[in-house]
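The block underneath contains the structure these notes are about, expressed in structure tokens.
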Amino acid sequence: MTSNPLLELASLGQSVWLDYIDRRILSDGTLDGLIQNDRLAGLTSNPAIFEKAISHGVAYSDAIAHLVRKGMRVGDLYQQLVVDDIGRAADRFMPVYESSGGRDGFVSIEVSPLLARDAAATLIEARKLWSVLGRPNIMIKVPGTREAIPAIGRLLREGINVNVTLLFSVGRYVEVLGAYMNALEARQSAGLPLAGIASVASFFLSRIDVKVDAALDLWASKGDIDAAAAHALRGQAAIASAGFAYRRFQQSISEPRWRALQAAGAMTQRLLWASTGTKDPQYSDVKYVEALVAADTINTLPLETLAAYRDHGRPGARIDEAIQSGSAVMHRLTQLGIDMHEIDNSLEQEGIEKFIKPYQSVLHALQSFGASA
Numbered sequence: 000m001t002s003n004p005l006l007e008l009a010s011l012g013q014s015v016w017l018d019y020i021d022r023r024i025l026s027d028g029t030l031d032g033l034i035q036n037d038r039l040a041g042l043t044s045n046p047a048i049f050e051k052a053i054s055h056g057v058a059y060s061d062a063i064a065h066l067v068r069k070g071m072r073v074g075d076l077y078q079q080l081v082v083d084d085i086g087r088a089a090d091r092f093m094p095v096y097e098s099s100g101g102r103d104g105f106v107s108i109e110v111s112p113l114l115a116r117d118a119a120a121t122l123i124e125a126r127k128l129w130s131v132l133g134r135p136n137i138m139i140k141v142p143g144t145r146e147a148i149p150a151i152g153r154l155l156r157e158g159i160n161v162n163v164t165l166l167f168s169v170g171r172y173v174e175v176l177g178a179y180m181n182a183l184e185a186r187q188s189a190g191l192p193l194a195g196i197a198s199v200a201s202f203f204l205s206r207i208d209v210k211v212d213a214a215l216d217l218w219a220s221k222g223d224i225d226a227a228a229a230h231a232l233r234g235q236a237a238i239a240s241a242g243f244a245y246r247r248f249q250q251s252i253s254e255p256r257w258r259a260l261q262a263a264g265a266m267t268q269r270l271l272w273a274s275t276g277t278k279d280p281q282y283s284d285v286k287y288v289e290a291l292v293a294a295d296t297i298n299t300l301p302l303e304t305l306a307a308y309r310d311h312g313r314p315g316a317r318i319d320e321a322i323q324s325g326s327a328v329m330h331r332l333t334q335l336g337i338d339m340h341e342i343d344n345s346l347e348q349e350g351i352e353k354f355i356k357p358y359q360s361v362l363h364a365l366q367s368f369g370a371s372a
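Residue numbers for the sequence shown follow numbering that gives the first Met the number 0, so the first one is 0 and each next one is one higher.
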């Protein structure tokens, strides 16, 4: 295995997962090559990724035509396509899952984004996906909305692995971390094993900077805040937020409460850095990888970002820099009138909507295909 920056991340305690799936990479050797050559350790998906894969290519045409001829309803058709891909990917990662002792090798599938604020319906769909896929290295993605947190805890108590997605605020992350430990304690009290229960908390990054930078630019253009001060803070909010989240994670695993769970076989709920593709061309294309290398974390990368880091990444544990600068960054943002609480709430709702739109789009495409078949 030829050395490259991606391989060095593992020695620093960080796993690399792929934020992408397409039927073609499952068939043409691309995914296998990433696992073998880059030590890719998992994969995440979402409705936007599947919309691009299904609606903008021909790899699914035959499968769609076959399912349409069987008379399958559009919603069930979409789920069947997704489940087939996720299952195949999970099988490819099973050796990683086994060799890592169940720490890595996971493939995530998301419940319908329409259920983001419906805990009861989320439970039903999550259980169905878990049962249908029937593999221990599956994670069910559930948005970390306040309404869904009870469902997240219930799924974990039932032994279902959960990827808590769409986290933008440290406050909500702390709620999720508490729900994870509550669930483990409930299992322990019921005499159920803690070993094998896996969960990650997906903290979204680039979208935070997009939102905060736009606010800084707008306010500076109006003369409401000092333009130089605003410019100096561009691109700093996301990494500062991530630093705060990681510091809270470190604090939690140093406490007696966690040590008791760990002694009973529990694994940490790792932070997963998501939305790591750089959206502002002024920033480095590996901005959200370089700054957030940290032990006991995961970075899930789009194909383009993974290739960029393989080419010119500079591995090094820099999370302490984010932690140390975080307070000052947030203080300056507050001084300039940037309300991070308001921004975080807005990002959560926008995040849900950004998954609903492609989800509905792909259902419409499948409906059209069925009508023309």
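Glycine residues also receive a C-beta, built at the ideal position from the N, C-alpha and C atoms.
Residue pairing for glutamine 13: DSSP places it in a beta bridge opposite Thr296. Burial is judged here by how many other beta carbons sit within 10 angstroms of a residue's own beta carbon; lysine 221 has fewer than 16 and is exposed. Counting only residues of its own chain and dropping the five nearest sequence neighbours on each side, isoleucine 207 has a CB closer than 7 Å to the CB of Phe167, Ala236, Ala237, Ser240 and Leu346. Annotated as proximal: aspartate 279 and aspartate 212, with beta-carbon spacing under 8 Å. Spanning the alpha carbons of arginine 171 and threonine 43 requires a straight line of approximately 21 Å. Between alanine 47 and arginine 22, the beta carbon gap of about 16 Å keeps them out of contact (Cβ cut-off 8 Å). Within the same chain, Cβ atoms closer than 8 Å to the Cβ of arginine 313 are found at Pro4 and Glu289, the five residues on either side in sequence being excluded. Shown here, serine 274 sits in coil according to DSSP, grouped into three states, outside any helix or strand. The beta-carbon separation of threonine 164 and serine 201, rounded to 4 Å, stays under the 8 Å limit for a contact.
Sorting Ser60, Arg38 and Pro135 by C-alpha distance to the C-alpha of serine 367 places Ser60 at the top. Closest by C-alpha distance to threonine 275, out of Gly28, Trp16 and Ala115, is Trp16. Here methionine 339 carries a helix assignment [DSSP, helix/strand/coil].
For leucine 25, the CB contacts under 8 Å within the same chain, skipping 5 residues up- and downstream, are Asp84, Arg87, Ala88 and Arg91 in chain order. A residue is called buried when at least 16 other Cβ atoms come within 10 angstroms of its Cβ; lysine 69 does not meet this threshold and is exposed. For the 8 Å CB-CB criterion, serine 111 and glutamate 124 form a contact. A distance below 8 Å separates the beta carbons of alanine 293 and isoleucine 318. Taking proline 301 as the centre and dropping the five residues before and after it, the same chain places the C-beta of Asp18, Tyr19 and Gly276 closer than 7 Å to its C-beta, in chain order.
Close CB contacts of arginine 116 within its chain, under the 6 Å cut and outside five residues either way in sequence, are with Thr144 and Glu146 (chain order). Under DSSP, glycine 70 shares a beta bridge with no residue. If you draw a 10 Å sphere on the C-beta of proline 142, you find 16 or more other C-beta atoms in it, and that means buried.
Taking a contact to require three or more Cβ pairs closer than 8 Å, the segment 316-333 and the segment 350-362 do not qualify as touching. About 7 Å separates the beta carbon of glycine 74 from that of leucine 362, a gap short enough to meet the 8 Å contact definition. Contact between valine 161 and isoleucine 139 holds, with the beta-carbon distance rounding to 6 Å and staying under 8 Å.
Per the coordinates, the alpha-carbon of glutamine 78 lies some 16 Å from the alpha-carbon of lysine 356. Rounded to the nearest angstrom, the gap between the Cα atoms of isoleucine 297 and leucine 39 is 11 Å. According to DSSP, proline 142 shares a beta bridge with Thr164. Burial state of serine 107 is buried, judged by a 10 Å Cβ sphere holding 16 or more other Cβ atoms. Distances from the alpha-carbon of isoleucine 151 to those of Ala228, Thr29 and Ile196 put Ile196 closest. Taking all protein chains in view, the Cβ of valine 57 is surrounded by fewer than 16 other Cβ atoms within 10 Å, so the residue is classified as exposed. Setting aside the 5 residues that flank it on each side, phenylalanine 243 is surrounded in the same chain by Val169 and Gly325, each with a C-beta closer than 7 Å to its C-beta; the list follows chain order. Isoleucine 108: member of the beta strand (DSSP E) spanning 105-109, first to last residue.
For alanine 200, the enclosing beta strand (DSSP E) covers residues 198-203. Here isoleucine 137 carries a strand assignment [DSSP, helix/strand/coil]. The beta carbon of valine 95 sits closer than 7 Å to those of Ile34, Ala40, Asp103 and Gly104, all from its chain and outside the five residues before and after it, given in chain order.
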